[in-house]
Amino acid sequence: MGMKIRKRGGKQRAALLLRLLLAGAMPAAAAITAYATEATRRELEEAKDAKEETESDLNETQQELEELNQQEGALRGELSSLNSRLQEVGDRLGELEDRIEKKEAEIETAQEELEEAKATEEWQYECMKKRIQFMYESRDYVMMEMLFASASFSDFLNRNDYIEQISAYDRRKLEEYRAVKEQVIEKEARLAAEKKELDEYKAQVEEEKSRVSELVRQTVDSLAGKADEIAMAEQEALAYEQRIKEQEEDIAQLQAKLEEEIRLSRLAAQSSWRDISEVSFAEGDRYLLANLIYCEAGGEDYAGQVGVGAVVVNRVLSSVFPDSVVGVIYQSGQFSPVASGRLAAALAENKATEKCYQAADAAMRGETNVGNCVFFRTPIPGLTGISIGGHIFY
Numbered sequence: 008m009g010m011k012i013r014k015r016g017g018k019q020r021a022a023l024l025l026r027l028l029l030a031g032a033m034p035a036a037a038a039i040t041a042y043a044t045e046a047t048r049r050e051l052e053e054a055k056d057a058k059e060e061t062e063s064d065l066n067e068t069q070q071e072l073e074e075l076n077q078q079e080g081a082l083r084g085e086l087s088s089l090n091s092r093l094q095e096v097g098d099r100l101g102e103l104e105d106r107i108e109k110k111e112a113e114i115e116t117a118q119e120e121l122e123e124a125k126a127t128e129e130w131q132y133e134c135m136k137k138r139i140q141f142m143y144e145s146r147d148y149v150m151m152e153m154l155f156a157s158a159s160f161s162d163f164l165n166r167n168d169y170i171e172q173i174s175a176y177d178r179r180k181l182e183e184y185r186a187v188k189e190q191v192i193e194k195e196a197r198l199a200a201e202k203k204e205l206d207e208y209k210a211q212v213e214e215e216k217s218r219v220s221e222l223v224r225q226t227v228d229s230l231a232g233k234a235d236e237i238a239m240a241e242q243e244a245l246a247y248e249q250r251i252k253e254q255e256e257d258i259a260q261l262q263a264k265l266e267e268e269i270r271l272s273r274l275a276a277q278s279s280w281r282d283i284s285e286v287s288f289a290e291g292d293r294y295l296l297a298n299l300i301y302c303e304a305g306g307e308d309y310a311g312q313v314g315v316g317a318v319v320v321n322r323v324l325s326s327v328f329p330d331s332v333v334g335v336i337y338q339s340g341q342f343s344p345v346a347s348g349r350l351a352a353a354l355a356e357n358k359a360t361e362k363c364y365q366a367a368d369a370a371m372r373g374e375t376n377v378g379n380c381v382f383f384r385t386p387i388p389g390l391t392g393i394s395i396g397g398h399i400f401y
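In terms of the working numbering, the sequence shown opens at residue 8 and continues consecutively.
Spelled out as structure tokens, the structure:
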């Protein structure tokens, strides 16, 4: 709160100094440099505020980067878990494929056994049919043979019993072969059912594998996206750090500028001003001043152009600044067109308009519409002074 009070006090003092200057109540140089110092203070405070804002942005970016790294770690853990799960599913699938392959081999064997049992049953059935057919077609002969070939009735009964045993053997063997065939059929059906279950389970495991594979793909994509976000956040953090470094340099320069303006302010309070009649302008001053006016206020109306010319001449008159137009214009760090090369380009082609030359002539005659102001700039918050066109003169 104290800082804000001081800032308001500075504004009030600056406004008072300007009023006194315009009223002629105090030395002009002191008022001018007071404005310059106050403007630089505000610029310095704005630079510090901008640096604090950048530091805040950097902190937010670093927090975001930390969160992104945590999310990336979680995704890597999830990916590791999914890969383990995928390996487990793959192992299960391989085991199932082995079991299905064995089951198919068992089914193939059972089918071979079934074909063999069917063939054996058919063979036994054919044999039995042939014996029955033979016995039926030769029953009279067989009976006569048995009767006359038997040594006794007991022998006849034995021969008849033998025939009955053959018939019983045929029926028993046929039933056995049929039973074997039924067992093989049941075995085949059971194996087919087991294979069907394995196939269904395999389908489920393949579906699970596909699902886990998709999760792995999505997680890999998420990791790639997260890596891009981290890279962008790191670049943003580096940019903020570079900006803070540049802002610190700006603050240091503004601090040095403020100290220099304070020094000039103290000198101005003790300095004297020459009268315009005491100045002897050199050959080429008009050409140089007109082209500077073109660079600084070429798009302004005539009043704004006169104001720029008056500032240059006021500096020539002040003992704080160089005592020539050339010295004032080319004093280090004073006029931006000099540093940017725009003035050199304008001088090379004499860009100055007729109105710019008129303004230069007026200023060199001592005419001023900005009092004894020795600074001007585009408006910034808190800067007070004489406003003409797009500049504030102070």
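The beta carbon of each residue, even a glycine, is placed where N, CA and C say it ideally should be.
(request) For Ile395, write down the residues that DSSP places opposite it in a beta bridge. (result) His398
(message) Please report the distance separating the alpha-carbon of Leu28 from that of Gly378.
(response) Residue confidence for Leu28 is low, a pLDDT of 35 falling below 50, so the modelled location carries little weight and cannot support an answer.
(message) For the pair the stretch 290-300 and the stretch 360-369, tell me if three or more CB-CB distances fall below 8 Å.
(response) yes
(message) My output table needs one value for Ser325: the three-state DSSP class, helix, strand or coil.
(response) strand
(message) Let me make sure I understand the geometry here. Which of Gln254, Val345, Gln69, Arg185 has the alpha-carbon closest to that of Ala126?
(response) Arg185
(message) Tell me whether the stretch 302-312 and the stretch 393-400 touch, counting them as touching only if at least three CB pairs, one residue from each stretch, are closer than 8 Å.
(response) yes
(message) According to DSSP, is Arg281 part of a helix, a strand, or is it coil?
(response) coil
(request) Tell me, please, which residues DSSP counts as bridged to Arg384. (result) Ile399.
(request) Measure from the alpha carbon of Glu111 to the alpha carbon of each residue in Ala200, Ala231, Ser325, then state which is nearest. (result) Ala200
(request) Return the first residue and the last residue of the alpha helix (DSSP H) that Ala355 is part of. (result) Annotation: the continuous alpha helix (DSSP H) that includes Ala355 extends over 349-356.
(message) Short of 7 Å in beta carbon distance, which residues of its chain neighbour Leu82, apart from the five on each side in sequence? Order them along the chain.
(response) Thr226, Ser229, Leu230, Lys233
(request) Let me know the secondary structure DSSP gives Glu95 once reduced to three states. (result) Three-state DSSP puts Glu95 in a helix.
(message) Once DSSP output is grouped into helix, strand and coil, what is the label at Tyr337?
(response) Assigned with DSSP and collapsed to three states, Tyr337 falls in coil, not helix or strand.
(message) For Gln254 and Ser343, I'd like the C-alpha separation in whole angstroms.
(response) 19 Å
(message) Tell me which residues share the same chain as Tyr247 and place their Cβ nearer than 7 Å to its Cβ, disregarding the 5 neighbours each side in the sequence.
(response) Thr61, Asp64, Leu65, Thr68
(request) Please go through the same chain and pick out, in chain order, the residues whose beta-carbon is closer than 7 Å to the beta-carbon of Lys358, but skip the five residues on each side of it. (result) Asn298, Tyr301
(request) Give every residue of the same chain whose Cβ lies closer than 8 Å to the Cβ of Ala346, excluding the five residues on either side of it in the sequence, and list them in chain order. (result) Gly340
(message) Beta-carbon within less than 7 Å of Ile114's beta-carbon, same chain only, minus the 5 sequence neighbours each way: which residues are those?
(response) Here the set comprises Glu195, Leu198, Ala199, Lys202.
(request) Give me the Cβ distance between Val315 and Ala304, rounded to the nearest whole Å; I'm assuming they're in contact under 8 Å. (result) 5 Å
(message) Let's test the definition: count the other Cβ atoms within 10 Å of the Cβ of Ile387 and tell me whether it reaches 16, buried, or not, exposed.
(response) exposed
(request) Tell me, to the nearest whole angstrom, how far the beta carbon of Val318 is from that of Cys363; I am working on the premise that it is less than 8 Å. (result) The Cβ separation is near 14 Å, so there is no contact.
(request) Within 10 angstroms of the Cβ of Ala240, are there 16 or more other Cβ atoms? Answer buried if so, exposed if not. (result) buried
(message) Quick check on Arg178: buried or exposed, where buried means 16 or more other Cβ atoms within 10 Å of its Cβ?
(response) exposed
(request) Would you kindly report the start and end of the unbroken alpha helix (DSSP H) that includes Arg293? (result) Where Arg293 is concerned, the enclosing alpha helix (DSSP H) stretches over 292-304.
(message) Counting C-beta neighbours from all protein chains within 10 Å, is the total for Ile399 16 or more, i.e. buried, or is it exposed?
(response) buried
(message) Mapping the DSSP letters down to three states, classify Asp330 as helix, strand or coil.
(response) Asp330: coil per DSSP, three-state reduction.
(message) So, at 8 Å on beta carbons, what are the nonlocal neighbours of Ile336 in its own chain, with the 5 sequence-adjacent residues on each side left out?
(response) Leu295, Leu296, Leu299, Val319, Phe342, Val345, Leu350
(request) Confirm, please, whether the CB-CB distance from Leu261 to Glu71 is below 8 Å. (result) no
(request) Could you spell out the range, first to last residue, of the alpha helix (DSSP H) harbouring Glu370? (result) It is Ala, not Glu, that sits at residue 370 in the sequence shown. Run containing Ala370: 361-371, per the alpha helix (DSSP H) assignment.
(request) Please determine, among Glu120, Asp257, Glu266, the residue with the shortest C-alpha to C-alpha distance to Glu190. (result) Sequence check: residue 190 is Gln here, not Glu. That would be Glu120, whose Cα lies nearest to the Cα of Gln190.
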